[in-house]
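The number in my numbering is simply the position in the sequence shown, starting from 1, with 6 added.
Backbone N, C-alpha and C fix where the C-beta goes; we use that ideal spot for every residue, glycine too.
Okay, so here's the structure we're looking at.
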Amino acid sequence: MSSDDEECFYDYDDEEEEEEEPGWDDGGGGDAILVEEEAALPERPVDCWAITEESLPAAQQQDLSMVMNLLYIKQHQARALLIHHRWKMESILDHFDRKGRDRMLREAGVVIQQQAEEKNGGGMAMAASPSLPPCPRSSVTCYVCFEDVSSDAVSTMDCGHCFCNDCWTEHFFACVNGGQKQIRCMAVGCAAVCDEDVAQRLLGGRYPGAARRLRGALLASYVEDNAAARWCPSAPHCGRAVRVDGGGGRWCCEVSCPCGASFCFGCAAPAHSPCPCAMWERWEAKCRGESMNVDWILANTKTCPKCFKPIEKNGGCNHVRCKCGQCLW
């Protein structure tokens with residue numbers, strides 16, 4: 007290697023050493039501040055449209071029908087799958103292609119009754135719990151309350167587990183009160199999602215208020231669990247939601263609701279373009295912290311009438327003198 011080549015090589019290393027480490031900015035002050043790489047705002051407005059209370063059921067049913075026709079499953083099973091994938095059809099199609107139908111459904115807690123019967127050798131109950139025998143056809147002992155009830159007073163889920171309607175009703179009621187909308191089977195070791203139609207039917211007879219809450223939660227899941235939709239943050243709430251075109255996640259873009267509210271779709275804060283969401287949240291936190299400091303200073307200090315510096319009296323007599331020589335108390 008010639009001396010010229012060596013000189014060029016070492017010059018290149020020197021340039022690398024002189025480069026500043028990316029992601030850091032001293033801001034011209036003493037303390038270095040880490041500048042995170044923020045996602046850039048879209049160069050053009052994204053397509054968005056409003057979802058009203060009247061159009062919400064139809065919009066949800068459209069996605070449900072698409073999944074039901076694709077996978078040949080029931081409506082409550084399609085809803086459980088969509089909630090698991092945050093209502094993103096792209097994610098469902100990707101998992102369907104890579105993992106297959108059965109594995110994809112199993113990961114979402116969806117059990118097809120045919121699969122449960124095959125797993126149990128043709129019986130009606132899936133052996134998820136070794137102490138839970140198959141349900142007889144004439145009468146059954148409920149293995150929750152240990153009462154003997156007729157076969158008309160029990161309900162069987164897609165997983166094959168059956169319990170008496172009273173125990174199912176109390177289980178559904180407790181789950182709804184706990185804020186759950188995807189209620190799991192109460193058999194030990196079973197994570198299958200229960201049939202929402204059975205849940206609403208049993209709750210409607212004893213706890214109609216809980217049945218309405220469950221029905222409302224399932225409807226609202228199209229917005230609350232949807233990566234491409236968000237409720238309008240207007241106060242008072244206008245009852246609308248805004249959906250953006252696509253399904254990749256929470257974008258940092260500005261959208262407008264027909265009620266006149268303009269907000270950031272990424273964080274639901276007031277529109278803050280071109281500032282990214284993370285930077286806006288840090289700024290808001292900084293402002294809140296400074297506001298708390300100001301409130302404490304106003305409540306616990308007294309301003310010197312001469313130099314206007316805040317003075318705190320934390321003990322002693324009432325004779326307090328500022329550094330400037332002015333008496334305060």
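**OP:** Could you tell me which of 58, 95 and 65 sits nearest to residue 76, measuring between CA atoms?
**Re:** By 1-based counting over the sequence shown, the position of residue 76 is 70. Cα-wise, what sits closest to residue 76 is 95.
Subject >> Assigned exposure category for residue 137 - 16 Cβ within 10 Å defines buried >> reply: Within the sequence shown, residue 137 is the residue found at index 131, counting from 1. The predicted model places residue 137 with a pLDDT of 39, which falls under 50 and marks its position as unreliable, so this point remains unresolved.
**OP:** Would you mind reading off the limits of the beta strand (DSSP E) that contains residue 235?
**Re:** Looking up residue 235 in the sequence shown gives position 229. Where residue 235 is concerned, the enclosing beta strand (DSSP E) stretches over 235-237.
Original post:
For the candidate residues 91, 92 and 66, whose alpha-carbon lies nearest to that of residue 81?
Top reply: The residue given as residue 81 occupies position 75 in the sequence shown. The option with the nearest alpha carbon to residue 81 is 66.
Original post:
Secondary structure at residue 93, three-state DSSP: helix, strand or coil?
Top reply: Within the sequence shown, numbered from 1, the residue matching residue 93 stands at position 87. In this structure, residue 93 counts as coil in the three-state DSSP scheme.
Original post:
For residue 251, does the three-state DSSP call read helix, strand or coil?
Top reply: Position 245 of the sequence shown holds residue 251. Here residue 251 sits in coil by DSSP.
Original post:
Among all the DSSP beta bridges, which residues are the ones paired with residue 308?
Top reply: Here residue 308 refers to the residue found at position 302 when the sequence shown is read from its first residue. Residue 308 is bridged to 317.
**OP:** Would you identify the three-state DSSP class for residue 203, choosing helix, strand or coil?
**Re:** Taking the sequence shown and counting its residues from 1, one reaches residue 203 at position 197. If DSSP states are grouped into helix, strand and coil, residue 203 belongs with the helices.
Subject >> CA nearest to the CA of residue 152, picked from 166, 183, 114 and 170 >> reply: Here residue 152 refers to the residue found at position 146 of the sequence shown. Of 166, 183, 114 and 170, the residue nearest in Cα terms is 170.
Original post:
So the beta strand (DSSP E) residue 154 belongs to, where does it begin and stop?
Top reply: Here residue 154 is taken as the residue at index 148 of the sequence shown, counted from 1. Element bounds for residue 154: 154-156.
Subject >> Integer-rounded CB distance, given that residue 175 should sit under 8 Å from residue 347 >> reply: No information on residue 347 is available, as it lies outside the stretch 7 to 335 that the chain covers here.
**OP:** Would you be able to state if there are at least three C-beta pairs under 8 Å between the segment 197-213 and the segment 233-241?
**Re:** no
Subject >> Rounded straight-line distance, which links the Cα of residue 262 to that of residue 241 >> reply: As a first step, residue 241 must be located in the sequence shown, where it is residue number 235. As a first step, residue 262 must be located in the sequence shown, where it is residue number 256. In a straight line, the C-alpha of residue 241 is about 14 Å away from that of residue 262.
Subject >> Nearest-angstrom Cα separation, counted from residue 295 out to residue 217 >> reply: Working through the sequence shown from its first residue, we reach residue 217 at position 211. Working through the sequence shown from its first residue, we reach residue 295 at position 289. About 43 Å.
**OP:** Take every Cβ of the segment 107-117, pair it with every Cβ of the segment 153-161, and state whether three or more of those distances are shorter than 8 Å.
**Re:** no
Original post:
Out of curiosity, what's the CA-to-CA distance linking residue 246 and residue 268?
Top reply: What you label residue 246 is simply residue 240 of the sequence shown in a count that begins at 1. What you label residue 268 is simply residue 262 of the sequence shown in a count that begins at 1. Taking the straight line joining both Cα atoms gives about 13 Å.
Subject >> CA-to-CA distance, residue 299 to residue 2, given in whole angstroms >> reply: Any property of residue 2 remains undetermined from this structure, which presents the chain solely from 7 to 335.
Subject >> Residue ranges of each beta strand (DSSP E) within the segment 158-227, 3 or longer >> reply: 160-162 and 168-170
Original post:
If you count every other CB in all the chains shown that lies within 10 Å of the CB of residue 194, and 16 or more means buried, which is it?
Top reply: Numbered from its first residue, the sequence shown carries residue 194 at position 188. Residue 194 is exposed by the Cβ-count criterion.
Original post:
My guess is that residue 274 and residue 286 are in contact by the Cβ rule of under 8 Å, so how many angstroms apart are they, rounded?
Top reply: Taking the first residue of the sequence shown as 1, we reach residue 274 at position 268. Taking the first residue of the sequence shown as 1, we reach residue 286 at position 280. Their Cβ separation, rounded to whole angstroms, is 11 Å, which puts residue 274 and residue 286 out of contact at 8 Å.
Original post:
Which of the three DSSP states, helix, strand or coil, is assigned to residue 79?
Top reply: Working through the sequence shown from its first residue, we reach residue 79 at position 73. It is coil, neither helix nor strand.
**OP:** Report the three-state DSSP secondary structure of residue 326 (helix, strand or coil).
**Re:** In the sequence shown, the residue the question calls residue 326 occupies position 320. Coil at residue 326, not helix or strand.
Original post:
So what's residue 229 in DSSP terms, helix, strand or just coil?
Top reply: One-based indexing of the sequence shown puts residue 229 at position 223. Helix.
**OP:** Using 10 angstroms around the beta-carbon of residue 98, count the other beta-carbons present and answer buried if the total reaches 16, otherwise exposed.
**Re:** Start at 1 with the first residue of the sequence shown, and residue 98 comes out as number 92. Result: buried.
Original post:
Looking only at DSSP bridge pairs, what is residue 263 linked to?
Top reply: To locate residue 263, count along the sequence shown from 1; it is residue 257. According to DSSP, which records beta bridges pairwise, residue 263 is partnered with nothing at all.
**OP:** Find the nearest neighbour of residue 192 within the set 211, 167, 213 and 292, judged by alpha-carbon distance.
**Re:** Start at 1 with the first residue of the sequence shown, and residue 192 comes out as number 186. It is 167 whose Cα lies nearest to the Cα of residue 192.
Original post:
For residue 293, does the count of other Cβ atoms within 10 angstroms reach 16, so buried, or fall short, so exposed?
Top reply: The count along the sequence shown starts at 1 and reaches residue 293 at position 287. The residue in question, residue 293, is exposed, as its Cβ has fewer than 16 Cβ neighbours within 10 Å.
Original post:
So what does DSSP say about residue 150, is it helix, strand or coil?
Top reply: In the sequence shown, the residue the question calls residue 150 occupies position 144. Reduced to three states, the DSSP call for residue 150 is coil.
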